[in-house]
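Contents: one structure, followed by commentary.
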Amino acid sequence: MRRLLVLVLSAMLASTGTAAANEQVVGGERASIEANPWAVYLLDDRGAQFCGGTIVAPAKVLTAAHCAIGRSPSELKVVAGREDKQDRGAGVTATVTKIWIHKQYTAADEGEDVAVLTLKDALSYQPLPLAELSDRALYQPGTELRALGWGRTAENGKTSRFLMQATVPVLPDDFCVDTYPQFVKADMFCAGYEGGKIDTCQGDSGGPIVADGKLVGVTSWGEGCARKNKPGVYVRISRYAKDLHSVVDASPPGVVDP
Ligand code: 4AZ
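Residue numbers -20 to -1, 1 to 238, in mature numbering (1 follows the signal peptide of the UniProt record, and there is no 0), belong to the letters of the sequence shown in order.
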């Protein structure tokens, strides 16, 4: 009887140990909204979080094209200033008035996975600047980037209640091409560990991966989550900076240029 109790208790400990190892983005940690005020999430027409985004101007949110395609502005909401999805008192739920999707977008793994949402009202949260063509150093293999989101904390798990973050290094383009034949070097980069374990996951798409106070990438795709030799793939934002500036920096209606 004693031995049975010991067995049951050790089995319980072993299973909670496994859960803890998978519990945290995957392999990450909590992040505060105060330190990352430009991090937002998207709600579908049922009020469920399904993607992330980044405030890049007072009334503009950058996300992935695959998060926005096939939706009308009325079927989308942006939640800003809320770290805990269940904290209805924190932040704001913003109305989307317009959706811009890169005109060459076809599928996430073919590139151009970027979209810009225009909001009805300006947000009071600090926007994040885009990485520019001159920021080539941020894309060098080994550069440590920080990915953020409310996505799944395990490949087949639930999305996170809280904002999470994980630090992942940029991997060499040749590694990404070897593991993903469709990988487009000019449009994407991949980041993570050859051994897996730490990665973005479903629900993190559209959200930010940052370094040096700049938006380096947008979470785009990957095979599963945190799998060995299957790193996350991100939009190479510097490549789209020019296109994005023409959308993001457009004067809002009613504001007359001097
Ligand atoms: C997704 O489906 C997704 N492991 C996001 C990120 C990654 C894979 C899938 C990267 O939104």
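The beta-carbon is built from N, C-alpha and C at its ideal position, and this holds for glycine as well.
If you measure between the beta carbons of T75 and P53, is that distance less than 9 angstroms? yes
CB contact flag (E92, Q162, <9 angstroms): no
In the DSSP output, which residue or residues are listed as bridge partners for F142? D64
Taking 6 angstroms as the limit between beta carbons, can you name the residues of its chain near R10, skipping five residues before and five after? F142
Host beta strand (DSSP E) of R126 (start-end): E124 to G129
Quick check: does the Cβ of T43 come within less than 8 angstroms of any heavy atom belonging to ligand 1? no
Since Q29 sits in a beta bridge, which residues does DSSP pair it with? L23
Is there a Cβ of chain D sitting closer than 9 angstroms to that of G32, yes or no? Absent here is chain D; the protein component of the structure consists of one chain.
Count the other C-beta atoms from every protein chain shown that fall within 10 angstroms of the C-beta of Q29, then say buried if there are 16 or more, exposed otherwise. buried
Cα-Cα separation, D24 to Q145: 23 angstroms
Let's test the definition: count the other Cβ atoms within 10 Å of the Cβ of A48 and tell me whether it reaches 16, buried, or not, exposed. buried
Is the closest heavy atom of ligand 1 to the C-beta of T34 under 8 angstroms? no
Evaluate the contact criterion for the segment 111 to 118 versus the segment 126 to 138: three or more CB pairs, one atom per stretch, below 8 angstroms. no
Return the CA-CA distance between A87 and Y214, expressed in angstroms with no decimal places. 13 angstroms
Residue 244 bridges to which residues according to DSSP? Nothing in the structure corresponds to residue 244, since the chain is present only between -20 and 238.
Using DSSP with H/G/I as helix, E/B as strand and the rest coil, what is D93? coil
Under the assumption that C205 contacts E135 (Cβ atoms under 8 angstroms), give the Cβ distance between them as a whole number of angstroms. 4 angstroms
Just the residues with CB closer than 5 angstroms to a heavy atom of ligand 1, in chain order, which are they? D179, T180, Q182, S185, G202, C205 and G212
Residues sharing a beta bridge with I178, DSSP: Bridge partners of I178: none, in fact.
Please determine if the segment 165 to 182 and the segment 59 to 76 are in contact, where contact requires at least 3 C-beta pairs separated by less than 8 angstroms. no
Counting C-beta neighbours from all protein chains within 10 Å, is the total for S185 16 or more, i.e. buried, or is it exposed? buried
Would you identify the three-state DSSP class for T86, choosing helix, strand or coil? coil
Spatial neighbours of H82 within its chain, please: C-beta separation below 8 angstroms, excluding the five flanking residues on both sides. A45, E92, D93, V94, A95, Y220 and D223
Comparing alpha-carbon positions, which option in K138, T199, P211 and G176 lies nearest D158? P211
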